[in-house]
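Notes follow once the structure below has been shown.
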Amino acid sequence: MRVTVCFHSWFKDMAGCSRAEETLPPGSTVDTLVARVLVRFPKLADAQRSMLVAVGLEYRGRDCALSDGDEVSIFPPVQGG
Amino acid sequence: MRVTVCFHSWFKDMAGCSRAEETLPPGSTVDTLVARVLVRFPKLADAQRSMLVAVGLEYRGRDCALSDGDEVSIFPPVQGG
Amino acid sequence: MKRHLTITMEPIDEASLLAGRSVSSAAGAVVCFLGMVRGTESGKAITALEYEAFERMVEHQIGLLFDVMGKRWPVESVRLVHRVGLVPVGQPSLWVEVVAPHRAEAFAACQWLIDELKRVAPIWKKPMGAGGR
Amino acid sequence: MKRHLTITMEPIDEASLLAGRSVSSAAGAVVCFLGMVRGTESGKAITALEYEAFERMVEHQIGLLFDVMGKRWPVESVRLVHRVGLVPVGQPSLWVEVVAPHRAEAFAACQWLIDELKRVAPIWKKPMGAGGR
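Residue numbers (my numbering), protein chains in the order written: chain A, 1 to 81; chain B, 1001 to 1081; chain C, 2001 to 2133; chain D, 3001 to 3133.
Spelled out as structure tokens, the structure:
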């Protein structure tokens, strides 16, 4: 399956792009995807602990199963207000 | 000594006036004055428990000593806002 | 702490109060409160509340509250307007604005001020019904 | 519960937001909050904050907060405006208004909403100094 990864805020700077495509084996989770992303964008490794993940428009944990076509957003702690 | 008594809100209606003068013996307190007022304006007796008293612009208790020329305000619970 | 208090018979003019606001670059939070006259009082329909105030004492007592507020919270500015006389349903009788560096203190100070005002400001209200009283 | 949410690059126009307010005769309390950009960030002088938002998700997440708010408090109306892009020091980045029958619930709901917004809305800020960054 294919998913789109979107980076926000300074994760975008670390990744050097705002979007990337990943092809994952069936049964993949957010965790699978994050591991893949960290290999491809090693500068994000340091930020791993503060990383937030949304699938579509919902926050999701690392064990969330992904589906073909999902848009997964990866970003640092939010600072609205 | 002479003090001026001011009634506010519905205490004014009960008293039938907004101000009254009282002449009190030296050493009188708010308590002395209130007792005098209740005799002169008996309709206020029922409201005695919820009565608030200010001397000048400060809330005062029943044991507060009065001075010649004091303005003593007597009113029901406040409802600002 | 800048402080401003108005007791007035006139309608509260929020727009001009906003226009008169000045905040420093240290201010991170502005909290405003409007107390509106509701259409019912003790379960009965009313058309207005008639507010009466012992004005000199209101000013003094609220001044004391401002003093305490300035000691308890790092408030940059507080403004309070209380309308008296006849206030129709749907219109504000009270407007309060607190400006402070951070929102927690702005909210705390504003709520405290309103609670205390209701406790100590010698103001009274009379419900006015459709028939006049 | 009436609800209104705007994410905008434009300056927050408080006067026109006020003009657009409608309150029923059951509303006794209006609480407004303005979050202002302060002149210092982490102890350093700044000239502005640059806000970035993942807008679709901000709208969805704040929509969920409005849902919870409407269940938890008898709020009549909630309006929230968040400015994004460059917001100069001294200008508001956030405006929130909550209208409710009584003040305790209006304050509680408004504070809760701001706390939750800061927790869940995907918005980020970058301090901009005198030299551009």
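All residues carry an ideal CB built from backbone N, CA and C; glycine is no exception. Predicted model, so just to flag it, every value in this text is computed and none were measured.
Self-check item: Residues sharing a beta bridge with P2127 (chain C), DSSP
Solution: C:L2049
Quiz item: Taking 8 Å as the CB-CB limit, is P1076 (chain B) close to chain C?
Solution: yes
Quiz item: So, is the C-beta of I3046 (chain D) closer than 8 Å to a C-beta in chain F?
Solution: Annotation note: the requested chain F is absent from the structure, which comprises protein chains A, B, C and D.
Practice problem: Could you pull the start and end residues of the beta strand (DSSP E) that R2079 (chain C) belongs to? | Solution: S2077 to R2083
Practice problem: Determine which residues share a DSSP beta bridge with H3004 (chain D) and list them. | Solution: D:R3079
Self-check item: For S2093 (chain C), the first and last residue of its enclosing beta strand (DSSP E)
Solution: Per DSSP, S2093 (chain C) is one residue of the beta strand (DSSP E) stretching across P2092 to A2100.
Self-check item: Residues, ordered as in the chain, of the segment 1031 to 1065 of chain B that lie near chain C by beta-carbon distance below 9 Å
Solution: L1052, A1054, G1056, L1057, E1058 and Y1059
Quiz item: Can you name the start and end residues of the beta strand (DSSP E) that E3105 (chain D) belongs to?
Solution: Careful: E3105 (chain D) lies outside any beta strand (DSSP E), inside the alpha helix (DSSP H) at R3103 to V3120.
Exercise. Could you tell me whether the Cβ of G3020 (chain D) comes closer than 8 Å to any Cβ of chain A?
Key: no
Practice problem: Report the option in D:W3124, D:I3007 and D:M3001 whose CA atom is closest to the CA atom of H3060 (chain D). | Solution: Checked all of D:W3124, D:I3007 and D:M3001; the closest Cα to H3060 (chain D) is D:I3007.
Quiz item: What span of residues does the beta strand (DSSP E) with I1074 (chain B) cover, start to end?
Solution: E1071 to F1075
Quiz prompt | Distance between T1023 (chain B) and V2096 (chain C) (C-alpha atoms, nearest Å) | solution = 42 Å
Quiz item: Hey, how far is the Cα of Q3111 (chain D) from the Cα of L3117 (chain D)?
Solution: 10 Å
Quiz item: Contact check, G3039 (chain D) vs P3092 (chain D) under 8 Å by CB: the rounded distance?
Solution: About 14 Å; that fails the 8 Å criterion.
Quiz item: Okay, do the segment 66 to 81 of chain A and the segment 37 to 56 of chain A touch, 3+ Cβ pairs below 8 Å being the bar?
Solution: Taking a cut-off of 8 Å for Cβ pairs, the segment 66 to 81 of chain A and the segment 37 to 56 of chain A touch, as three or more such pairs fall below it.
Quiz prompt | Contact list for E3052 (chain D) against chain A, beta-carbon separation under 8 Å | solution = H8 and S9
Quiz prompt | The alpha helix (DSSP H) enclosing E2010 (chain C), as first and last residue numbers | solution = Unbroken run through E2010 (chain C): none, as it is neither H nor E.
Quiz item: Helix or strand or just coil, what does DSSP make of M3036 (chain D)?
Solution: strand
Exercise. Enumerate in chain order the residues of its own chain whose CB-to-CB distance from D1063 (chain B) is below 8 Å, with the five nearest sequence positions on each side excluded.
Key: T1029, V1030 and D1031
Quiz item: Between the segment 3057 to 3072 of chain D and the segment 3010 to 3029 of chain D, are three or more C-beta pairs nearer than 8 Å?
Solution: Touching, no, given that fewer than three Cβ pairs across the two stretches are closer than 8 Å.
Quiz item: DSSP puts T1004 (chain B) in a beta bridge; with which residues?
Solution: B:E1021 and B:E1071
Exercise. Could you list which residues in chain D have their beta carbon closer than 7 Å to that of S2042 (chain C), in chain order?
Key: Near S2042 (chain C) there are no residues of chain D at all, since even the closest Cβ is about 13 Å away, more than 7 Å.
Practice problem: Please list, in chain order, all residues of the same chain as V3120 (chain D) whose beta carbon is under 6 Å from its beta carbon, the five residues on each side excluded. | Solution: Q3061
Self-check item: Close beta carbons around R3003 (chain D), own chain, < 6 Å, minus the five adjacent residues each side
Solution: F3066 and V3078
Quiz item: Quick one: is S1018 (chain B) near chain C, going by C-beta distance under 8 Å?
Solution: no
Exercise. Could you name the residues that DSSP lists as bridge partners for L2086 (chain C)?
Key: Listed as beta-bridge partners of L2086 (chain C) by DSSP are C:E2050.
Exercise. Below 8 Å CB to CB, which residues in the same chain sit around A2045 (chain C) once its five sequence neighbours on both sides are set aside?
Key: G2039, G2129 and A2130
Exercise. Taking I3123 (chain D) as the query, report the chain A residues whose CB atoms sit under 7 Å from its CB, ordered along the chain.
Key: V78, Q79 and G80
Exercise. Could you pull out every residue in the same chain whose Cβ sits closer than 6 Å to the Cβ of V3023 (chain D), ignoring the five residues on either side in sequence?
Key: V3099
Quiz prompt | Contact list for M3036 (chain D) against chain C, beta-carbon separation under 8 Å | solution = Going along chain C in sequence order, the residues near M3036 (chain D) (Cβ under 8 Å) are V2023, A2027, G2028, A2029 and V2030.
Practice problem: Could you tell me whether the Cβ of V3120 (chain D) comes closer than 8 Å to any Cβ of chain A? | Solution: yes
Exercise. Report the rounded CA-to-CA distance for C17 (chain A) versus W3073 (chain D), giving the unit in angstroms.
Key: Taking the straight line from one Cα to the other gives about 42 Å.
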